[in-house]
Each structure stands twice: as C-alpha cells, then as structure tokens.
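Peer 1:
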Amino acid sequence: AAEFSLKDEL
Amino acid sequence: MNAFRLAGDMTHLLSIILLLLKIRATKSCAGISLKTQELYVIVFMSRYLDLFRTYYSLYNSLMKIIFLGTSMCIVWYMRSHKVVRQTYNNDEDTFRHFFLVLPCFVLALLVHRNFTFIEILWTFSLYLESVAILPQLVLLQKSSNIDNLTGTYVFLLGAYRGLYLFNWVYRFFTENHRVRWIPWLSGLIQTAIYTDFFYYYIRSWKNREKLKLPA
Chain A
1157 AAEFSLKDEL
Chain B
79 MNAFRLAGDM THLLSIILLL LKIRATKSCA GISLKTQELY VIVFMSRYLD LFRTYYSLYN
139 SLMKIIFLGT SMCIVWYMRS HKVVRQTYNN DEDTFRHFFL VLPCFVLALL VHRNFTFIEI
199 LWTFSLYLES VAILPQLVLL QKSSNIDNLT GTYVFLLGAY RGLYLFNWVY RFFTENHRVR
259 WIPWLSGLIQ TAIYTDFFYY YIRSWKNREK LKLPA
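Chain order of the listed sequences is A and B. If you count the first sequence from 1, position 7 lands on 1163 in the numbering used here, and the numbers rise without skipping. If you count the second sequence from 1, position 60 lands on 138 in the numbering used here, and the numbers rise without skipping.
#1: Go ahead and label B/Asp171 buried or exposed: buried means 16 or more other beta carbons lie within 10 angstroms of its beta carbon, across all protein chains shown.
#2: Between B/Arg131 and chain A, is any beta-carbon pair separated by less than 7 Å?
#3: Taking C-beta to C-beta, are B/Asn254 and B/Phe82 nearer than 7 Å?
#4: Below 8 Å on the Cβ atoms is my contact criterion, and I expect B/Leu241 with B/Thr89 to pass it. Report the Cβ-Cβ distance as a whole number of Å.
#5: For my contact list, B/Phe93 and B/Tyr231 are in at a C-beta cut-off of 8 Å; report their separation, rounded to the angstrom.
#6: Closer than 7 Å by beta-carbon distance: list the chain A residues that pair up with B/Asn80, in chain order.
#7: Please tell me whether B/Arg125 and B/Ser208 are closer than 7 Å, where the distance is taken between their beta carbons.
#8: I'd like to know whether the C-beta atoms of B/Pro181 and B/Thr114 end up nearer to each other than 7 Å.
#9: Which residues bound the alpha helix (DSSP H) around B/Met79?
#10: Check the Cβ-Cβ distances between B/Met123 and every residue of chain A, and say whether any is below 7 Å.
#11: So B/Tyr277 and B/Leu289 are in contact, right, with Cβ under 8 Å, and what is the actual spacing, rounded?
#12: Would you say B/Met88 faces chain A, with C-beta separation under 7 Å as the test?
#13: Beta carbons nearer than 8 Å to chain A: which residues of the stretch 180-211 of chain B have them?
#14: The alpha helix (DSSP H) that contains B/Arg281, what's its start and end?
#15: Can you list the residues of chain A that B/Arg258 reaches, using a CB-CB cut of under 9 Å?
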C-alpha cells in the first residue's frame, strides 16, 4: 500500500 | 475528506478571493505585503509539484490550480499592474523574506521523512508556509489604519491552518493512527504565530473599534 502521507491535502 | 479539512480549504480559498477582490475593486494593495504573497507563490509551487504526476481527485487538482493561479495573479497585480503597483508601499514592506526561504530549505534538507526530491520540496513548503505570514504581520504593525478587508484576509488565512489541525486530529483517530510530526508541528507553529493577531482582531471586532496592532 502506498505509504500514508498527507499529500492528498492542499 | 472531512468537514474540518473542507472548512479549512474553503476558508483558505475565501481569504485569497477576498484579497483578489480587494485589489481589483479598490485598485490598491495598500497594507498588503508583497513579500508574503511571493512566499506563498513559492509555497504553492514547491508543494503542488505533484499536480501533474499524482491525481488524488478533481477537487484536489482544481484547488491546486486555483491556488497557484490566484497567488501568482496577486503578485502580478502588485508588481506589474500600472495602477496597483503605485499603491504598493515598498519601504514599509521591509521584511527580508529570503532570510526565511534559505533556513526553511536547509531545514527541509536536514529534517524530512524521505530524502527524495518531491518529499524535500513538500517539506520545505510546509516549513516556509508556517513563517510566510511574518512580513504581512510586520507590515500590519506599521500600518496606522488596517482596512477591514485586509484584517479579514489575514484572519481567514490564519484560521484555515487552525482548521487543518482539527482535520489532522480527526484523521489520526479515524484513519490509521499514524503520527506525522512535520505537517503537524509546522501547522501548529503557523497557527501559533497568528495568536497575537487573533487576539487583537477579535477584540476589535467585539469592541466595534478599528483594528490596531501594537508596534
């Protein structure tokens, strides 16, 4: 699974 | 997506739209720091690099384009628009903002999650955004009268990252209990820098008096 990061945020 | 994050993004969008409308309507950027606006262009460019690489959602891509476009548009107005640029007070906007860019970049090279190009720039954008408002706050302290639109702009800009803090708490408990110190601490510092402004802004709003920051 893609490592969790907060890059899906603005 | 959760309510805190959506509220945060809408608050952020509203602050930028408000500033753009103020500049267009009054053809003036008095009281606005060009340095802060330039720092925000750097923040968005270094953070939204993955815009064309990774697609999260239409909302995400659309908002990134809007933030990039509006922030560059504001800098263009303040630098190049024949009328607006006359109203920019260069000798008041004195903060040496490149003294913020370099340390943030060095810090991103030292403290990051992975040593990759995208990750370093993303981390740099978080560090830089947490201090990007400083030139604007310094300028406000010098301004004798802060107009309502400018005060509201700064208030909304500060509030958006505060809402993001709630969003991170929510995600921590509902998604996967992963700790993310870099965005969390950057966001905390960013919001903390506004506390002084928030206090005077809310007090001026309650007492129905003009917003004035102590020098």
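Just so you know, even glycine gets a beta-carbon here, dropped at the ideal spot from N, CA and C. Model, not experiment: these values are computed from the prediction.
Peer 2: Reading off the structure:
#1: buried
#2: no
#3: no
#4: 6 Å
#5: The sequence as given places Ser at residue 93 of chain B; Phe does not occur at that position. So it is a contact: roughly 5 Å between Cβ atoms.
#6: Within chain A, no residue comes near B/Asn80; the closest Cβ sits about 11 Å away, beyond 7 Å.
#7: no
#8: no
#9: Run containing B/Met79: none; DSSP gives neither H nor E here.
#10: no
#11: The Cβ separation is near 11 Å, so there is no contact.
#12: no
#13: Arg191, Trp200
#14: 273-284
#15: Phe1160, Ser1161, Leu1162
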